[in-house]
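Number of protein chains: 2
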Amino acid sequence: MDPRTGMPRVGMVGGGQLARMTQQAAIGLGQTLRVLAVSADDSAALVTPELEIGIHTDLVALRSFAQGCEVVTFDHEHVPTEHIRTLASEGHAMYPGADALEHAQDKGVMRRKLRAMGLPVPPFSVIPADANSELTHKATEEFAAAHGWPVVLKTCRGGYDGRGVWILKDSAHAAAVLTHLGSAGDLLVETLVPLDRELAAVVARSPFGQAAAWPVVETVQQQGICVEVIAPAQNLDDARAVAAQELALSIAASLGVVGVLAVELFEVAPSAQFPGGLVINELAMRPHNSGHWSIDGAITSQFEQHLRAVLDYPLGKTDAVFPVMVMGNVIGGSLDSPGAGMGMDERIHHLAARFPAVKVHLYGKSFRPGRKLGHVNVGGSDLAVTRRTAQLAALWLSDGVWGDGYAIHGPADDASDSPQHQRGTDRGAR
Amino acid sequence: MDPRTGMPRVGMVGGGQLARMTQQAAIGLGQTLRVLAVSADDSAALVTPELEIGIHTDLVALRSFAQGCEVVTFDHEHVPTEHIRTLASEGHAMYPGADALEHAQDKGVMRRKLRAMGLPVPPFSVIPADANSELTHKATEEFAAAHGWPVVLKTCRGGYDGRGVWILKDSAHAAAVLTHLGSAGDLLVETLVPLDRELAAVVARSPFGQAAAWPVVETVQQQGICVEVIAPAQNLDDARAVAAQELALSIAASLGVVGVLAVELFEVAPSAQFPGGLVINELAMRPHNSGHWSIDGAITSQFEQHLRAVLDYPLGKTDAVFPVMVMGNVIGGSLDSPGAGMGMDERIHHLAARFPAVKVHLYGKSFRPGRKLGHVNVGGSDLAVTRRTAQLAALWLSDGVWGDGYAIHGPADDASDSPQHQRGTDRGAR
Ligand SMILES: Nc1ncnc2c1ncn2[C@@H]1O[C@H](COP(=O)(O)OP(=O)(O)O)[C@@H](O)[C@H]1O
Ligand SMILES: Nc1ncnc2c1ncn2[C@@H]1O[C@H](COP(=O)(O)OP(=O)(O)O)[C@@H](O)[C@H]1O
Ligand SMILES: [Mg+2]
Ligand SMILES: [Mg+2]
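Top line first, the protein sequences correspond to chains D and C.
Residue 209 in UniProt numbering is what sits at position 209 of the first sequence, and the numbering runs on without skipping anything.
Residue 12 in UniProt numbering is what sits at position 12 of the second sequence, and the numbering runs on without skipping anything.
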């Protein structure tokens, strides 16, 4: 306990945006998030005074960090499970535990476990890493011979945002990718699922075993990276939505997850193979991009809920506050964009002038093309308007261009954007 | 600008809960609030790495703090205006400026200005401080002779939460209070307004002159201290609500306020003296207790809006998100309360179990009877249920007792409290 406040000290390993947003939630609960970051410039390192600098693979650094915390949790999946086990055996509360976390670290371990649980996963095969790449080629060919091309190849560990995922069209393509890959550790090969769209079921679970599910959302990816989330997923069959929540809750319970669990799903046409129309893609055991909408759109955000869960507090209500909310990721745009020279401060300024209801969340990161710099949340009642606003706002912050040619110094382009709430202003909106 | 992020550095003088909650909003905007606090244990000092320790009356400390900021603003009203003027003349952006802030620092200056503007204020008289307390007694008697007993006596400066306000019944009472007062600086004497209830109109204004108003709220005080806010004020005549907003916006414009301005109002039966049914009580030029509901209840919170305003960003939308939201202050209860021995961590635990939708905001302060330790926000559609929940929650966190005799280990007392969202939990709610 922090002697100054009498409140528990939660430590998060990793200084990324998830830790940053968890610190916002911690402040509300009367706490200060402790962060173990690699650098003092990390996203979360910039916003908490309770900072330790250290590498998440260094047991000594982890131990010294854990000693100052009542509970330790994670901003990412890269802490070695053996270190988590060691610290747990030394009496530190580490959530989620190593047995659960493995399933978010290793896609092969995850696929095997879910298949054993009888849950819907694509046909797959794990190809153990081998210096002799002949074996790897052969195993891929055999899988394709049994299931047909194309197949999906993934590194079991370390992939994210589509890095570590390849859709292999045919033998020649497979050979080219595998040769280029070198030794990437164990590989997963699976069928290409003919998906209609992607969904995510996000839940949280406490050590006590209480669990709570947010509404199921739709996630939209481009080149393997999530660009948009629609909460709740529109036109989703009620029974299927409940089934998705039940899937996630049963995984959380079976694996003994503590904290937030995001289950990425594919929605498919129901078939003999997938009668429920749902296929599980992957698991994340921490606040997840598909839950960022909850900061502005749910009674309890995933960041507050993660804190409640790891502290074994009773969980908060997960109801949505708006009929629909759209989250758009802000991803550093091209340096060739006409707006590339404009700083983020200026971009926010123009965004706020045009869309006074858009909620901006920036991660304090310097600009780099392709880097996740922040996100926007837009709540509303009309899907098309809300989605369009989120897309325009996210593109503007990403690239410094208005996707619809809006002129910066012109008037708002429709009545819904106008600052009608600004009653009696002595000057109009800029 | 912060070279690491390219974002502006806003500095807030004072390390109280207002700065603490402003830091939460700053994080979302990609910033880190810089705080000048008296002690490293101050509420906001606990949650920002950009901390300077110094006294707000020390020009040297203020200057060194201002040098690291693009804009300086205030968590309280205690910074001497001469220091603000000095730093402004040296080129620092200080918001609100000294000319405006005086009206929030000195109730006499405020009353005179508003009367000169033709705005509705109670009849009053300012009694200049004088070592010869005979003069003070005499002036009070004269005011009472003209307007009748009781009269309200206030210190012009330094009062808050009802400290520095006395309702004087008669000559004998006046004599007793004045004698006891000693030299308290200038005094304000005014009529006791026969108020029906108290309202607050909270607005924000930017240097550019853009302004935005939140819905008018009702504030409930006990012994001069705000205990509850209902947003929006219920059964408030539409025209009167607009008039209250217009009053606040015109004050903001006339005084050149930058940032949040809260105008405390009395609602009275319309009369020849107060035809609009509104009387202005006092002004605050910073985020204010009457706006705390906006964190969970408005599109843009007062803390984000204050940052936007002082940075001259376009302001955010101020619409309410729930039909009604009730804010309850958590004020350290009696040490004789049966729950006095229970720490805040345990209190939150039980609160969360009973009311999963209550939003808790704790200020990281150690317990002391009468100290503002935090607040709760409860959104809903039914006023009675929402208000009752907020009152029970605030009382529980304040005193460690349930006002309705709820047994901690028993079931929730009505269906609306049950954790119905916890679908498929492996164990029930504790
Ligand atoms: N078996 C599959 N069938 C079809 N699409 C897939 C398959 N596996 C992955 N994808 C696509 O690739 C994206 C990234 O794959 P995923 O395994 O989630 O990797 P990452 O860890 O990078 O998120 C998915 O969101 C989906 O769009
Ligand atoms: N003239 C008045 N008539 C009636 N009640 C008053 C008057 N002035 C103050 N009060 C009561 O006292 C409370 C505190 O007074 P205020 O001037 O706002 O002091 P503080 O600075 O402590 O908030 C008000 O909220 C109101 O309830
Ligand atoms: Mg994925
Ligand atoms: Mg007052």
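Idealized CB from N, CA, C, for every residue including glycine.
Note that the structure is a prediction, hence the values are computed from the model and not measured.
Whether residue i touches residue j by CB criterion (9 Å)
| i | j | result |
| --- | --- | --- |
| V151/D | I127/D | no |
| G15/D | A45/D | yes |
| D296/C | G379/C | yes |
| Q24/C | I251/D | no |
| residue 440/D | L29/C | With chain D represented from 1 up to 430, any question about residue 440/D goes unanswered, as that position is not in the structure. |
| T86/D | L101/D | no |
| L188/D | C156/D | yes |
| G224/D | R163/D | yes |
| L255/C | K113/C | yes |
| V258/D | R205/D | yes |
| S39/C | R20/C | no |
| G400/D | R347/D | yes |
| E50/C | T22/C | no |
Minimum C-alpha distance to residue i - residue among the options
| i | options | result |
| --- | --- | --- |
| A176/C | T191/C, L195/C and L153/C | L153/C |
| I55/C | A298/C, H78/C and V324/C | H78/C |
| L119/C | A243/C, A393/C, V321/C and Y363/C | A243/C |
| H292/D | E282/D, Q305/D and G276/D | Q305/D |
| V216/C | Q223/C, N377/C, E198/C and V227/C | E198/C |
| L278/D | R9/D, A241/D, L261/D and S294/D | A241/D |
| D312/D | E82/D, V260/D and E52/D | V260/D |
| M327/C | E218/C, G333/C and A262/C | E218/C |
| G108/C | V121/C, P96/C and L181/C | V121/C |
| V71/C | M117/C, D2/C, V60/C and T389/C | D2/C |
| P407/D | G339/D, T32/D and E141/D | According to the sequence as given, residue 407/D is Ala; it is not Pro. If we check each option's Cα against that of A407/D, G339/D comes out closest. |
| V227/D | A390/D, G405/D and Q17/D | A390/D |
| A98/C | M117/C, R347/C, F74/C and E141/C | F74/C |
| R371/D | G333/D, A357/D and G405/D | G333/D |
heavy atom of ligand 2 below 8 Å from residue i C-beta
| i | result |
| --- | --- |
| T191/C | yes |
| E267/C | no |
| V60/C | no |
| G15/D | no |
| K365/D | no |
Rounded C-alpha distance that separates residue i from residue j
| i | j | result |
| --- | --- | --- |
| D336/C | D319/D | 38 Å |
| Q420/D | L307/C | Any reading at Q420/D needs caution, since the residue's pLDDT is 37, under 50, leaving its predicted position unreliable; the model's value is listed next. The straight-line gap from Cα to Cα measures roughly 21 Å. |
| G6/D | I299/D | 26 Å |
| A429/C | V310/D | Note that A429/C scores 37 on pLDDT, short of 50, meaning its location in the model is unreliable and no value can be drawn from it. |
| L315/C | L397/D | 17 Å |
| G343/C | A393/C | 15 Å |
| A289/C | S64/D | At residue 289/C the sequence reads Asn, which differs from the Ala that was named. Straight-line Cα distance between these residues: approximately 40 Å. |
| P232/D | A200/D | 10 Å |
| A184/C | S133/C | 11 Å |
| F303/D | A211/D | 15 Å |
| P8/C | V35/C | 14 Å |
| V268/C | V220/C | 15 Å |
| P96/D | H83/D | 13 Å |
| G424/D | E246/C | A caution first: G424/D carries a pLDDT of 42, below 50, which makes its placement in the model unreliable, though a value can still be read off. Going by the C-alpha atoms only, they are around 6 Å apart. |
Residue i CB to nearest heavy atom of ligand 3 below 8 Å
| i | result |
| --- | --- |
| E282/D | yes |
| E218/D | no |
| E264/D | yes |
Residue interval of the beta strand (DSSP E) (run including residue i)
| i | result |
| --- | --- |
| L33/D | Where L33/D is concerned, there is no enclosing beta strand (DSSP E), given that its DSSP letter is neither H nor E. |
| H137/D | Per DSSP, H137/D belongs to no beta strand (DSSP E); it is in the alpha helix (DSSP H), S133 to H147. |
| S125/C | F124 to I127 |
| R205/D | R197 to R205 |
| I331/C | V324 to I331 |
| I230/C | I225 to A231 |
| M12/C | V10 to V13 |
| L153/D | V151 to T155 |
First through last residue of the alpha helix (DSSP H) which encompasses residue i
| i | result |
| --- | --- |
| F274/D | Careful: F274/D lies outside any alpha helix (DSSP H) and carries neither H nor E. |
| I295/C | S294 to G297 |
| W214/D | Unbroken run through W214/D: none, as it is neither H nor E. |
| W396/D | L383 to D399 |
| E82/D | T81 to S89 |
9 Å Cβ cutoff, residue i in contact with chain B
| i | result |
| --- | --- |
| Y363/D | In the displayed structure, chain B is absent; the protein chains listed are D and C. |
Ligand 1 heavy atom lying under 8 Å from the CB of residue i
| i | result |
| --- | --- |
| Q221/D | yes |
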